[in-house]
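Accompanying notes for the structure given below.
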Amino acid sequence: MKLESIPLDKIQPHPDNPRLFLREDVVEALARQIEEQGFADYHALLVRPLNGFYQVAAGHHRLEAAKRAGLEKVPCWVKEMTDEEAFMELVLSNQQSELTPLERGKHAWEAVQKYNRNGITTSEYAKRVGVAHNTISVLIAAYEVYRECVTRVTHLDFLQATHLRVISGAERQDWPWLCEMAVTNELSTRVLEEAVAEAKKITVPPELSEWLDQTELRKQAAADLQRKTGDRWAGVIAKALECWKQLPEKAETWKIDEKTDSAVKETLLLRRIFIQKLKEKEISTQSGCEKVKLEIINDLEARARAYAAWQARKVSEAEAERQRLEEERRRLERAALLEPKVYYKSCLDMSEVSDESIDLIFADPPYGISDGGVTVKSGKLVSVDKGEWDRPENVPDPESWLKECYRVLKPGGSIYISGTMHNIFDVAAALRRTGFTIQNDIIWHKKNAPPLMARQDMYAPSHETIIFATKGARPNFFDYEGLKEANSGRQMTDVWEIPARSGSETIKGPDGMPVNPAQKPEALLERIISASSRPGDIVLDPFAGTGTTLAVAKRMGRPSIGYEIDQRMRSVIEARLDSVEAGAV
Ligand SMILES: C[S@@+](CC[C@H](N)C(=O)[O-])C[C@H]1O[C@@H](n2cnc3c(N)ncnc32)[C@H](O)[C@@H]1O
0 MKLESIPLDK IQPHPDNPRL FLREDVVEAL ARQIEEQGFA DYHALLVRPL NGFYQVAAGH
60 HRLEAAKRAG LEKVPCWVKE MTDEEAFMEL VLSNQQSELT PLERGKHAWE AVQKYNRNGI
120 TTSEYAKRVG VAHNTISVLI AAYEVYRECV TRVTHLDFLQ ATHLRVISGA ERQDWPWLCE
180 MAVTNELSTR VLEEAVAEAK KITVPPELSE WLDQTELRKQ AAADLQRKTG DRWAGVIAKA
240 LECWKQLPEK AETWKIDEKT DSAVKETLLL RRIFIQKLKE KEISTQSGCE KVKLEIINDL
300 EARARAYAAW QARKVSEAEA ERQRLEEERR RLERAALLEP KVYYKSCLDM SEVSDESIDL
360 IFADPPYGIS DGGVTVKSGK LVSVDKGEWD RPENVPDPES WLKECYRVLK PGGSIYISGT
420 MHNIFDVAAA LRRTGFTIQN DIIWHKKNAP PLMARQDMYA PSHETIIFAT KGARPNFFDY
480 EGLKEANSGR QMTDVWEIPA RSGSETIKGP DGMPVNPAQK PEALLERIIS ASSRPGDIVL
540 DPFAGTGTTL AVAKRMGRPS IGYEIDQRMR SVIEARLDSV EAGAV
């Protein structure tokens with residue numbers, strides 16, 4: 000090491016001089032001293048030769064003072080040094096000239112950063128500068144805070160290293176606002192320590208970060224030491240996290256759309272909803288968190304109940320619909336079964352009907368009275384003309400159709416044949432010949448029968464005879480009780496008081512006249528069908544006419560078969576049957 004006088008323009012400050020700024024008062028005092036006494040050799044700078052210049056390792060203040068005092072040269076100790084030696088010299092030779100703790104922290108921090116590879120750890124550094132390891136660590140920590148915040152916090156220099164050391168105990172992201180707070184409020188290190196401790200109580204886990212801003216809460220806690228905001232928020236956060244965990248992440252639910260009456264499947268992200276609600280409602284208490292959790296659970300339960308009710312309603316609606324369809328199917332089946340089968344042909348050949356398949360026959364054959372005679376209608380004398388079918392020459396021999404009736408009737412089946420004196424005796428004789436057993440000759444007394452104006456030498460006819468006969472000695476079925484009930488509790492007699500067909504019941508043609516003057520009143524057929532058949536039994540009418548027997552049988556739940564020779568009756572019968580609702584079988 001040599002002492003040399005070196006021109007000032009050949010001397011350069013060390014770029015890593017730990018001084019954060021030159022002490023103005025120190026530089027000024029030194030400049031005055033140099034002006035008065037000159038630059039003594041024993042104040043020589045310590046420099047190292049570097050790239051044709053001399054780099055200062057110690058004496059930055061003295062160099063600046065010499066410049067101000069107007070010197071051209073200063074005495075320097077010139078020593079060969081490595082970068083590391085020069086860097087370390089910056090602090091070792093500066094120790095007497097009062098580097099601030101922060102400057103020492105800066106030097107230590109940079110030394111460890113730069114020369115760590117050369118073995119300069121914090122403890123090595125502490126050893127080299129002869130300071131306790133702990134002290135160096137504290138100084139480094141303070142400098143780190145300074146370094147982090149110097150560009151962000153105005154007047155950071157107001158803070159002592161002790162403040163910065165306290166702040167270094169907080170999390171890095173909190174350093175700037177803690178510095179700001181310490182500067183603005185001129186906090187003592189004791190209060191700052193409490194503020195850091197209070198702030199550190201608050202940790203917002205990532206699950207809750209959408210709801211709470213950790214930095215904001217920490218600021219609040221640090222600023223509000225009196226109320227122990229940190230403790231309170233720590234409790235709220237713990238509670239919120241507990242509630243958050245208690246909620247399942249997802250729930251599959253159904254939402255009922257009233258408009259379309261449909262259920263729409265929805266996946267609810269319960270934990271997300273929880274956080275959103277906390278945020279929306281600005282919840283800040285433990286009970287608030289619990290309340291929001293329960294709200295979510297209640298809502299889920301309400302949805303489940305609404306869906307169950309909707310489903311139950313749907314099931315019962317579906318069941319009602321199923322029953323309706325089933326009922327409709329049965330009705331159609333019944334209607335199909337009960338839809339009378341009508342053959343528009345002569346009943347002398349009923350080969351379409353199987354032997355012994357019929358339960359009840361009602362026959363209303365032509366009487367053969369349309370023979371040119373006269374009768375009175377509406378007070379006028381008119382010729383008796385029921386139609387072609389009633390002309391004597393068109394009236395079939397009773398035995399011819401009774402044989403077919405006997406063939407198709409079940410053993411024990413019943414047959415009723417209506418007629419007047421013009422044909423009923425022939426019928427009775429034919430019945431016997433055919434093998435039937437006559438049970439009764441019923442007098443159907445027509446109370447409202449018209450008087451016989453044409454003749455005053457005989458009685459006015461006011462009845463028809465209905466022969467009740469069976470295939471075999473006794474009928475299979477005879478509704479004794481039902482008939483008794485219909486006869487006011489007394490056994491039904493063979494004289495029936497049933498009014499003749501009313502005007503409203505009469506089926507009329509386009510000319511306003513009855514299409515068949517012999518159309519029987521439905522009440523008469525109701526009596527016969529209920530007396531001698533059960534629902535489901537098959538009824539046959541060989542002389543269907545307007546279809547009275549078939550219509551009543553359908554309504555009373557009895558399948559039926561009809562024969563009618565007059566083709567014009569087809570539309571009459573079809574229209575009549577269409578208007579009848581099939582009864583229960
Ligand atoms: C007294 S009317 C029946 C009226 C019927 N009971 C009603 O209430 O309308 C007799 C019917 O038998 C029909 N007829 C006559 N001879 C027939 C035959 N051989 N086969 C089938 N029908 C016949 C006639 O055309 C006539 O419509």
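Position 47 of the sequence shown, counted from 1, bears residue number 46 in numbering that gives the first Met the number 0, the numbering being contiguous throughout. By construction, the Cβ of each residue, glycine as well, lies at the ideal position given by its N, Cα and C atoms. The structure displayed is predicted, hence computed values, not measured ones.
Closer than 7 Å: Asn515 CB and nearest ligand 1 heavy atom: yes
Terminal residues of the beta strand (DSSP E) in which Gln54 lies: 52-57
Inter-stretch contact at 8 Å, needing at least 3 Cβ pairs: the segment 407-427 / the segment 461-471: Verdict: yes, contact present.
Residue environment, Met180, which counts as buried when at least 16 other CB atoms sit within 10 Å: When all chains shown are included, Met180 counts as buried.
Among Met452, Pro516, Tyr145, nearest to Phe157 - alpha-carbon criterion: Tyr145
Inter-residue Cα distance where the pair is Asp565 and Ser356: 25 Å
Rounded straight-line distance, which links the Cα of Leu62 to that of Pro48: Taking the straight line from one Cα to the other gives about 16 Å.
Continuous beta strand (DSSP E) stretch holding Val538: start and end: That run of the beta strand (DSSP E) goes 538-540.
Sequence-distant residues of the same chain with beta carbon closer than 8 Å to Pro513, five excluded per side: Only Thr505, Ile506, Lys507 meet the Cβ criterion.
Opening and closing residue of the alpha helix (DSSP H) in which Lys402 lies: 397-407
Cβ-Cβ distance between Cys288 and Ala250 below 8 Å: With respect to the 8 Å criterion, Cys288 and Ala250 are not classified as neighbours on the basis of their beta carbons.
Rounded separation between Gly556 and Ala499 - CA only: 24 Å
Status (buried if at least 16 other CB within 10 Å, exposed otherwise) for Glu84: In the assembly as shown, Glu84 is an exposed residue. Its beta-carbon has fewer than 16 other beta-carbons within 10 Å.
Cβ-based burial, Ala453 [other Cβ within 10 Å; buried from 16]: Flag for Ala453 reads exposed.
Secondary structure of Asn16, DSSP reduced to three states: Coil at Asn16, not helix or strand.
Minimum length 3: unbroken beta strand (DSSP E) runs contained in the segment 413-494: Fully enclosed beta strand (DSSP E) runs of 3 or longer: 435-444, 462-470.
Which listed residue (Ile139, Gln310, Glu109) has its alpha carbon closest to that of Pro100: Ile139
Where the beta strand (DSSP E) through Cys346 begins and ends: Per DSSP, Cys346 belongs to no beta strand (DSSP E) and is neither H nor E.
Sequence-distant residues of its chain with Cβ nearer than 7 Å to Leu29 (five each side left out): His60, Arg61, Ala64
Cβ neighbour criterion (16 or more within 10 Å) applied to Gln95: Note that Gln95 scores a pLDDT of 48, beneath 50, so its modelled location is shaky; the value from the coordinates is reported in the next line. Classification of Gln95: exposed, given that the 10 Å Cβ count is below 16.
Reduced DSSP secondary structure (H/G/I, E/B, other) of Phe38: coil
Enclosing beta strand (DSSP E) for Tyr562 [first to last residue]: Note, Tyr562: beta strand (DSSP E), 559-562.
Within 8 Å, strictly: CB atoms of His462 and Lys445: Inclusion of His462 and Lys445 in the CB contact set at 8 Å is warranted, their separation being smaller than that value.
Length of the line joining the Cα atoms of Ile670 and Tyr142: No information on residue 670 is available, as it lies outside the stretch 0 to 584 that the chain covers here.
Distance, Lys292 Cα to Trp243 Cα: 8 Å
The beta strand (DSSP E) enclosing Asp358, as first and last residue numbers: From DSSP, the beta strand (DSSP E) with Asp358 extends over 357-362.
Inter-residue Cα distance where the pair is Pro450 and Glu332: Pro450 and Glu332 have their C-alpha atoms some 48 Å from each other.
Supposed contact pair Ala233 and Ala198 - C-beta distance, whole angstroms, cut 8 Å: Between the beta-carbon of Ala198 and that of Ala233 there is about 11 Å, and that puts the pair past the 8 Å contact cut.
Beta-carbon proximity list for Lys105, same chain, < 8 Å, skipping 5 on both sides: Non-local beta-carbon contacts of Lys105 in its own chain, meaning distances under 8 Å to residues more than five positions away in sequence, involve Pro17, Leu19, Tyr142, Tyr145, Arg146 in chain order.
N- and C-terminal bounds of the alpha helix (DSSP H) containing Arg575: 568-577
Cβ distance (whole Å) where Lys519 is taken to contact Leu337 below 8 Å: The pair is not a contact, with the Cβ atoms about 20 Å apart (cut-off 8 Å).
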